[in-house]
Structure formats: structure tokens, C-alpha cells
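Residue numbers (this note's numbering): 481 to 877.
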């Protein structure tokens, strides 16, 4: 048994088991808040906003104190706001607690990606990264499923508490099984890469925009789909709503093959194809039968997982020696999009319901595909080496 690989997989689970779990609880949280979809969406967005704030600094902490130490400490710190979430006296307190929890999570997932890149040879690191990505997808699914099932029988407060206890168990296993590795803390005075040139570089700027729109669509789509299915004629409860995230499990099978598509067609074409799948899936959810909605959500999520692979690998390959800060900026933009996706669609939801949300997400997809098609270009279209590419830095959505 390779405990190091298992520990990396558990880190992927720990990073995402809490982040999107409130999506299964939204009908209950909306009733607690007072039938306010926007404020309920803020509970999801608060966590992703915390991730967006902390992401650029996680790598700096890991350089200073060591990757394993930061991963383990972050995994334990995430337990505390998880327990406090179940005790939140007001919606505002719950949003603040979720924000703090989001601040802890980049110390797990962003640093784990760097740990993998440094501790395994390049060819083997791709396979390990694929296992890690499977862990992130499984963690996101388990968090949504467990929270929904527990809430169905014991309420949303116990749902948060159960996830916190699971987070604690994962943190303990990571601490025991993850070896220190070759951590070399950065010395004081080491030159840092200025961020403004990375923001101004056309290709990277396009990747940041597509990353923002990607998680905007994914969070917005699944957040307001749960509200849609909680209403008549479906009237699904939290446990039943949590099962719609089974479609995420297909990503565990499909995502590792995205690299073959990139090798065959390139980043821009794969991004456009991925969004074509995603938009097709969204349109299918407009049909009433639940099985058709399930197929639509499966296509939607698969398309966006493939789009995520295309975008994140483009960032890591095109940034060169500036990969670290470039990835940090990408992760920030990515999760800012997720924060917006929990709140902005509420305006359209109140005005036009689920069809309006679908229209908004399709527009986001069209814009993202256009930006990627025009900007995902390497200088002079020269072939780019991918030996050290690190896919899926954004993790699960």
C-alpha cells in the first residue's frame, strides 16, 4: 500500500468536502434565512471568496514553512469553522464562518499540487495528479451527499457538524501518512515575481477570464438547480437533492483522458468543444423529466471539467518559470467566479426562474469559449513542452 499516494488523495478529499456542501442544504438554509435565494447563495459564495483571497498566499507560506507542514495545519484548521458552522446563530455569522473556512482550504489543495510536482518524477506526477483530482471530485461529491442525507434526518446544523468530524479524521490520516518530502523553505529576500505583467499578458489574461466564467457557471448552475428541484412539481428534499451530484463521479473517469484531447487538438479547440458539451447539457435541463435533467447535468459537469483541464494546463504551460504566481492569480480569478456564481444569478432567478439561469450560464459559456479561442495561443504557435505541466490546479468544483 502506497501511503503517500493515499495521503495525497485524502488531501484532495479534505480540500473539497466542505467547500460546496451547502448546495445540498440550500432549501433548508433559504427557509431559515427567510426565503431569500440571494442570501442563501451567499453562504456558498462566502467559502469560495475565502479561497480566492487566500490562494495567492498559500504558496508563499509553503515556501517559508514547508509544504507538508502547511498541508497538515490547514487540514486541521478547517475543522474549527466546520464545527462552528453548526452553531451559527445568524445567517451573517454563518457567512463569516464559511469565509474563514475558505481561507484555510488553499493551504491544502494549492500546496498539494506543488508537493506532487516536486516529490514525483514528471511522468509519474501526472498519474499522481490524476489520483489527486479524483480525490477532489470524490470529496466534493461526498460532502454534498453526506450533508444532504444528514440534514434530511437531523437538520442542517448536524450536517455541518458531521462534515467537520470527517474533516478531522482526514486531517489525522494525512498527518500520519504524508511524508515530509524535499521541502526547502525559501530564504528571506528571495526575489518575487511582479504580478502586473502576468495580468497584462494576453494569453494568461484570457485564461483568468475563462476560469472566472467557468466556476461562475458551475457554481451558479448547480446552486440554483437545487432550488429549482426543491420546488413543485419535483419538491425534492435535501437527501434526494444531494443525489444529483452523482453526475460529478463521471468526472473521475473522464478527466484523466482530457490530456489526450489536448495533445490531439490543442487548448483552444478542446475548450470550445468542452463548452459545447456544457451548453448542450444546460439546454437539456429545460425539459421536465428528471432523467433528462440528470443527463443534462452530467454533460454540463463533464464539459466544464474538461474545460478546466484545458484552461489550467494552458496556464501552467504558458507561464514558464513564472508558473507559481501565474497559477495563484488563476486560482484567485477562478474562485472569484465561483463567489459571483452563488449570488448574481439570484437576480435572474427571481425574474425568470431556472430558464433565466440557464440563459445566463449559456451566455457565460459562449463568452468563455470565444475568449479562449482567441487567446489560448503560444508565441508563434510553437510547440510547447508539457513534461512539467501540472493539470487541474483549481481542483474540484
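Positions of the beta carbon are idealized from the N, C-alpha and C atoms, including for glycine.
Buried/exposed call for residue 738, threshold 16 Cβ in 10 Å: The count along the chain shown starts at 1 and reaches residue 738 at position 258. It counts as buried.
Straight-line gap, residue 562 to residue 781 (C-alpha atoms, nearest Å): Start at 1 with the first residue of the chain shown, and residue 562 comes out as number 82. Start at 1 with the first residue of the chain shown, and residue 781 comes out as number 301. Spanning the two alpha carbons is a distance of roughly 26 Å.
Nearest-angstrom beta carbon gap, residue 551 and residue 497 [assumed within contact, 8 Å]: In the chain shown, residue 497 corresponds to position 17, counting from 1. In the chain shown, residue 551 corresponds to position 71, counting from 1. Under the criterion of beta carbons closer than 8 Å, residue 497 and residue 551 do not qualify as touching, at roughly 15 Å.
Minimum length 4: unbroken alpha helix (DSSP H) runs contained in the region 500-568: Secondary structure remark: continuous alpha helix (DSSP H) runs of at least 4 residues inside the region 500-568, in chain order: 506-513, 517-545, 547-557 and 559-565.
Unbroken alpha helix (DSSP H) run spanning residue 767, endpoints: Here the question's residue 767 lines up with position 287 in the chain shown. No alpha helix (DSSP H) contains residue 767, which DSSP labels as neither H nor E.
Range of the contiguous alpha helix (DSSP H) that encloses residue 496: Locating residue 496 in the chain shown gives position 16, counting from the first residue. Counting along the chain, the alpha helix (DSSP H) containing residue 496 begins and ends at 483-496.
Residue nearest to residue 640 in terms of C-alpha spacing, selected from 624, 649 and 652: The sequence position of residue 640 within the chain shown is 160, counting from 1. Nearest C-alpha to residue 640: 624.
Runs of alpha helix (DSSP H) wholly within the region 625-651 (minimum 4 residues, chain order): none
Residue range of the alpha helix (DSSP H) that includes residue 589: Start at 1 with the first residue of the chain shown, and residue 589 comes out as number 109. First-last of the alpha helix (DSSP H) with residue 589: 586-599.
Validate contact between the region 700-709 and the region 824-831 using beta carbons, cut 8 Å, 3 pairs: yes
Within 8 Å, strictly: CB atoms of residue 580 and residue 542: As a working mapping, residue 580 is identified with position 100 in the chain shown. As a working mapping, residue 542 is identified with position 62 in the chain shown. Cβ distance not < 8 Å, so residue 580 and residue 542 don't count as in contact.
Closest by C-alpha distance to residue 685, when choosing among 546, 809, 568 and 609: As a working note, residue 685 is residue 205 in the chain shown. Taking only the C-alpha atoms, the option nearest residue 685 is 809.
Option in 773, 546, 536 and 509 with minimal Cα separation from residue 835: Translated into the one-based positions of the chain shown, residue 835 becomes position 355. When only C-alpha atoms are compared, the closest one is 773.
Stretch pair the region 625-645 + the region 501-512: three plus CB contacts closer than 8 Å: They touch, by the three-pair rule.
Backbone CA spacing between residue 931 and residue 616 [nearest angstrom]: Lying before the first or after the last residue shown, residue 931 is absent from the chain, which here runs from 481 to 877.
Span separating the alpha-carbon of residue 668 from that of residue 546: Residue mapping note: residue 668 aligns to position 188 of the chain shown, counting from 1. Residue mapping note: residue 546 aligns to position 66 of the chain shown, counting from 1. With a pLDDT of 48 at residue 668, under the threshold of 50, the modelled position of this residue cannot be trusted; read the value that follows with caution. Residue 668 and residue 546: Cα-Cα distance of roughly 14 Å.
Straight-line Cα distance separating residue 544 from residue 671: As a first step, residue 671 is located in the chain shown; it is residue number 191 there, counting from the start. As a first step, residue 544 is located in the chain shown; it is residue number 64 there, counting from the start. Because the pLDDT of residue 671 is 45, which lies under 50, any placement of that residue in the model is unreliable, and the question is left without a value.
Local Cβ density within 10 Å of residue 569, reported as buried at 16 or more and exposed below that: By one-based count along the chain shown, residue 569 stands at place 89. By the neighbour-count rule (16 or more Cβ atoms within 10 Å), residue 569 is not buried but exposed.
Option nearest residue 578 by Cα separation, candidates 533, 841, 611 and 605: Counting from one through the chain shown, the residue named residue 578 turns up at place 98. Comparing Cα-Cα distances from residue 578 to each of 533, 841, 611 and 605, the minimum goes to 533.
Residue 494 versus residue 648 - alpha carbon distance: Reading the chain shown from its first residue, position 14 is the one you call residue 494. Reading the chain shown from its first residue, position 168 is the one you call residue 648. Going by the C-alpha atoms only, they are around 9 Å apart.
Euclidean distance between Cα positions of residue 515 and residue 658: Taking the chain shown and counting its residues from 1, one reaches residue 515 at position 35. Taking the chain shown and counting its residues from 1, one reaches residue 658 at position 178. Distance between the alpha carbons of residue 515 and residue 658: 44 Å.
Given 8 Å, three or more beta-carbon pairs between the region 842-853 and the region 717-724: Touching, no.
Cβ-based neighbour list, residue 484, same chain, cut-off 8 Å, excluding 5 preceding and 5 following: Counted from its first residue, the chain shown places residue 484 at position 4. For residue 484, where only same-chain residues beyond five positions count, the Cβ hits under 8 Å are 599, 657, 658 and 659.
Residue 594 versus residue 750 - alpha carbon distance: Start at 1 with the first residue of the chain shown, and residue 594 comes out as number 114. Start at 1 with the first residue of the chain shown, and residue 750 comes out as number 270. The C-alpha of residue 750 is placed about 25 Å away from the C-alpha of residue 594.
Residue 791 in three-state terms, based on DSSP: Locating residue 791 in the chain shown gives position 311, where the first residue counts as 1. Looking at residue 791 - three-state DSSP - the assignment turns out to be helix.
Expected contact under 8 Å - CB spacing of residue 527 and residue 582 to nearest Å: Locating residue 527 in the chain shown gives position 47, where the first residue counts as 1. Locating residue 582 in the chain shown gives position 102, where the first residue counts as 1. Sure, about 4 Å apart at Cβ, within 8 Å.
Buried versus exposed call for residue 793 [16 or more other C-beta atoms within 10 Å across all chains shown]: As a position in the chain shown, residue 793 is number 313, starting the count at 1. Buried, by the Cβ-count rule.
Beta-carbon proximity list for residue 829, same chain, < 8 Å, skipping 5 on both sides: For the purposes of this step, residue 829 is taken as residue 349 along the chain shown, with counting starting at 1. Excluding residues within five positions, the ones whose Cβ falls inside 8 Å are 517, 704, 707, 836 and 837.
Nearest to residue 856 (by Cα), restricted to the options 536, 689, 832 and 712: Within the chain shown, residue 856 is the residue found at index 376, counting from 1. Of 536, 689, 832 and 712, the residue nearest in Cα terms is 689.
Backbone secondary structure at residue 660 - three-state DSSP: Translated into positions along the chain shown, residue 660 becomes position 180. Residue state, collapsed to three classes: coil.
Pair within 8 Å by beta-carbon distance, residue 761 and residue 779: Here residue 761 refers to the residue found at position 281 when the chain shown is read from its first residue. Here residue 779 refers to the residue found at position 299 when the chain shown is read from its first residue. Yes, these two residues count as a Cβ contact at 8 Å.
Unbroken alpha helix (DSSP H) run spanning residue 825, endpoints: By 1-based counting over the chain shown, the position of residue 825 is 345. Counting along the chain, the unbroken alpha helix (DSSP H) around residue 825 starts and ends at 825-855.
Residue 549 to residue 711 span [Cα, whole Å]: Position 69 of the chain shown, counted from the start, is the residue given in the question as residue 549. Position 231 of the chain shown, counted from the start, is the residue given in the question as residue 711. Residue 549 and residue 711: Cα-Cα distance of roughly 46 Å.
Straight-line Cα distance separating residue 683 from residue 858: Position 378 of the chain shown, counted from the start, is the residue given in the question as residue 858. Position 203 of the chain shown, counted from the start, is the residue given in the question as residue 683. Taking the straight line from one Cα to the other gives about 8 Å.
Start-to-end residues for the alpha helix (DSSP H) that takes in residue 746: One-based indexing of the chain shown puts residue 746 at position 266. Element bounds for residue 746: n/a, residue is neither H nor E.
Pairwise C-alpha distance: residue 605 and residue 486: Here residue 486 is taken as the residue at index 6 of the chain shown, counted from 1. Here residue 605 is taken as the residue at index 125 of the chain shown, counted from 1. Each residue's Cα considered, the two are about 14 Å apart.
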